[in-house]
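Going down the list, the protein sequences come from chains Z and X. Count along the first sequence starting at 1, add 4, and that's the number in the numbering used here. Count along the second sequence starting at 1, add 717, and that's the number in the numbering used here. Just so it is clear, CB atoms sit at the ideal spot from N, CA and C, and this is done for glycine as well. Predicted model only: the values in this text are computed from it and were never measured.
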Amino acid sequence: MAVIRSGKVLNITSTDGARIQPPGLKERGISFIKDLNKGGRLSSAAIRLFGNLATRNVVELDRKQMEVYLGGGVIEDLRGGGDYVIVKYKGWAVGGGILSKRGLIPMVPKAVKSVKHY
Amino acid sequence: MNSNWREVLPRPFIKKYRKLLGDESEEFFSSLMRPLRRSIRINTLKGDLGELVEKLSHLSLTPLPFYRYGFYTDFPSPGATLEHYLGLYYVQEASAMLPVLVLDPQPGERVLDIAAAPGGKTTQICQHMEGVGVVVANEVDQGRQVTLRGNIQRMGCHMAVITGMDGRFLRPPPTYDRVLVDPPCSSEGTIRRNFSALKGWSSELSNRMVHIQRGLLRSGIEVLKEGGVLVYSTCTFAPEENEGVVSWALERFNVELEEVRIKGIEADEGIGEWGGVEYPEEVRRCARIYPHRTDTGGFFIARMRKRGE
Ligand SMILES: C[S@@+](CC[C@H](N)C(=O)[O-])C[C@H]1O[C@@H](n2cnc3c(N)ncnc32)[C@H](O)[C@@H]1O
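Structure (structure tokens):
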């Protein structure tokens, strides 16, 4: 596996994915770390791929909290000092979030809105 | 959607496929009126097949007879589950899983998918290659590149590389061990999923499609290594877009057709003549998938190998 930087993002790809030079190149592999300029955070794709292995900085949601999370709302009963955490539901790493003083702020792509059955 | 085909299908369509299928045509037309069974492909880039099948048991899965990663599901909206969002599976029509099976990509290879969005077959190729090697997923339409990217990310295909070329203008050096050419087509094979495929249908549609299909196939052959394998597939029944395009390539390029037979599915061979044009005998090695035989959508699949100089 290879890690490559493009601007504020680190992507992961295969060794040959990093090497090949096809015309019209748009993107290699999948995003891994985003917002490198702000210290970096694991991307949602990376969380869905590797997040199940995480044991630290993990928050497990119940069904009610998951409903708020999927809807993009702040989960007020989970608070913290601004740490970026991996959010799990039923043992699955589903995305990221910031544990702020206001509550857990979801950091997930818009596609999460398609989830109706969980 | 269980309508009378006489009221739904355009007259020239009926005439064309009566001519092609003869006695079987009524059975064929009726099959187009029956809704498709929903199917999914389980993504082994996200876990072990057995474990994933177990975790997805609430989708009431029935294995497809011809593909170990493919399953029918009775779940009404498989695209709206958490497991779908997590990339544990891709909602893919059963017959649309066949071209990659025929392409048979191997770990460590360089593979090009020349017309890739939304990425059903790209992500399937990555799965077969077990994350080792590279899959170049090319798509000219910027809007569709966004969907392609979303699916690559969701399915965890880190070995995929996205390019945005007009695929007709790719030229040597020959870089790829395998190439998939799954070009735009008249989509007659998707009528069961959605009658909208009939909206833009006309007798001339296929002739318009042929130009872009030839252009993409030509490029695919040019960037394929000697000895490499190319699969040309469409989701249409139209001979002009299928055997016609393949015959055109056989006449011009140093490629030969290989037999396409898939265990567990009843495929017809390619046809030998259409509209007064005789196709080369070897075109019979292609496969036609008809819904009245297989209870799937429709597909055409050709497998070519590039000869050495
Ligand atoms: C039949 S679809 C491909 C489906 C895809 N293989 C899958 O399984 O998800 C054909 C695609 O070709 C794209 N396309 C059309 N003209 C193209 C061109 N000249 N170069 C590259 N892609 C093209 C279309 O935008 C469309 O996304």
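Chain Z residues whose Cβ lies nearer than 8 Å to that of residue i
i	result
X:Thr798	Val119, Lys120, His121 and Tyr122
X:Gly993	Near X:Gly993 there are no residues of chain Z at all, since even the closest Cβ is about 40 Å away, more than 8 Å.
X:Ser756	In chain order: nothing, as chain Z lies at least about 18 Å away.
X:Val853	Ile24 and Pro26
X:Val837	It is worth fixing the name first, because residue 837 of chain X is Gly in this sequence and not Val. Chain Z residues near X:Gly837: none, gap ~16 Å exceeds 8 Å.
X:Ser794	Lys120 and His121
Top-ranked residue by Cα proximity to residue i, from the options
i	options	result
X:Arg754	X:Leu766, X:Phe792 and X:Gln930	X:Phe792
Z:Asp66	Z:Asn56, Z:Asp81 and Z:Val116	Z:Asp81
X:Glu998	X:Leu974, X:Arg910 and X:Ile757	X:Leu974
X:Asp740	X:Val808, X:Val927 and X:His1009	X:His1009
X:Glu976	X:Ile938, X:Gly825, X:Gly987 and X:Ser923	X:Gly987
X:Ala877	X:Arg885, X:Phe788 and X:Glu847	X:Glu847
Z:Ser35	X:Leu934, X:Trp991 and X:Gln870	X:Gln870
X:Asp894	X:Gly836, X:Thr798, X:Pro900 and X:Val946	X:Val946
Z:Leu14	Z:Leu29, Z:Pro27 and Z:Gly44	Z:Gly44
X:Tyr789	X:Phe970, X:Ser812 and X:Lys736	X:Ser812
X:Ile929	X:Lys916, X:Leu776, X:Val962 and X:Gly906	X:Val962
X:Asp985	X:Ser964, X:Val994, X:Ala1019 and X:Glu968	X:Ala1019
X:Glu890	X:Ser936, X:Val808 and X:Gly1014	Per the sequence shown, residue 890 of chain X should be read as Pro rather than Glu. Taking only the C-alpha atoms, the option nearest X:Pro890 is X:Ser936.
X:Thr880	Z:Ile16, Z:Pro26 and Z:His121	Z:Pro26
X:Gly989	X:Pro956, X:Gly1014 and X:Asn971	X:Pro956
X:Glu800	X:Ile757, X:Pro816, X:Pro835 and X:Phe783	X:Ile757
Below-7 Å beta-carbon distance, residue i vs any chain Z residue
i	result
X:Gly850	yes
X:Gly804	yes
X:Val1000	no
X:Val808	no
Residue i: contacting residues in chain Z (beta-carbon distance under 9 Å)
i	result
X:Arg827	Asp20 and Ile24
Interface flag, residue i vs chain X, CB-CB below 7 Å
i	result
Z:Glu71	no
Z:Leu4	Residue 4 of chain Z is absent from the model: chain Z starts at 5 and stops at 122.
Z:Leu14	no
Z:Gly95	no
Z:Gly33	yes
Cβ-Cβ distance between residue i and residue j below 7 Å
i	j	result
Z:Tyr88	Z:Ile102	yes
X:Pro729	X:Ser903	no
X:Asn760	X:Gln823	no
Z:Gly107	Z:Val78	yes
X:Asn855	X:Met882	yes
X:Gly787	X:Met814	yes
X:Glu960	X:Ser923	no
X:Val898	X:Ile831	yes
Z:Ile90	Z:Val62	yes
Z:Ala97	Z:Gly55	yes
Under 8 Å by beta carbon: chain X residues contacting residue i
i	result
Z:Met5	His875
Cross-chain neighbours of residue i in chain Z, by beta carbon under 7 Å
i	result
X:Ser777	Under the 7 Å cutoff, chain Z gives no residues; its nearest Cβ is about 13 Å from X:Ser777.
X:Gln862	Lys30
X:Gly867	Ala115
Check: residue i C-beta below 6 Å from any heavy atom of ligand 2
i	result
Z:Arg32	Questions concerning ligand 2 fall outside what the structure shown contains, since the ligands it does hold are ligand 1.
Check: When Cβ atoms are compared, which residues of the region 869-892 of chain X fall closer than 8 Å to chain Z?
Finding: Cβ contacts with chain Z: Ile869, Gln870, Arg871, Gly873, Cys874, His875, Met876, Ala877, Val878, Ile879, Thr880, Gly881, Met882, Leu887 and Thr892.
Note to self: Residues of the region 62-93 of chain Z in Cβ contact with chain X at a cutoff of 9 Å, in chain order, please.
What the structure shows: Within the region 62-93 of chain Z, the qualifying residues are Met70, Leu74 and Tyr93.
Next item on the list: Identify each residue in the region 49-61 of chain Z for which the Cβ-Cβ distance to at least one residue of chain X is less than 8 Å, and report them in chain order.
Entry: Cβ contacts with chain X: Ala49, Arg52 and Leu53.
Item checked: Residues within the region 894-912 of chain X neighbouring chain Z, beta-carbon criterion of under 7 Å -> So nothing in the stretch comes that close.
Item checked: chain Z contacts from the region 720-731 of chain X (Cβ-Cβ distance under 7 Å) -> When CB distances to chain Z are screened at a threshold of 7 Å, not a single residue of the region 720-731 of chain X falls below it.
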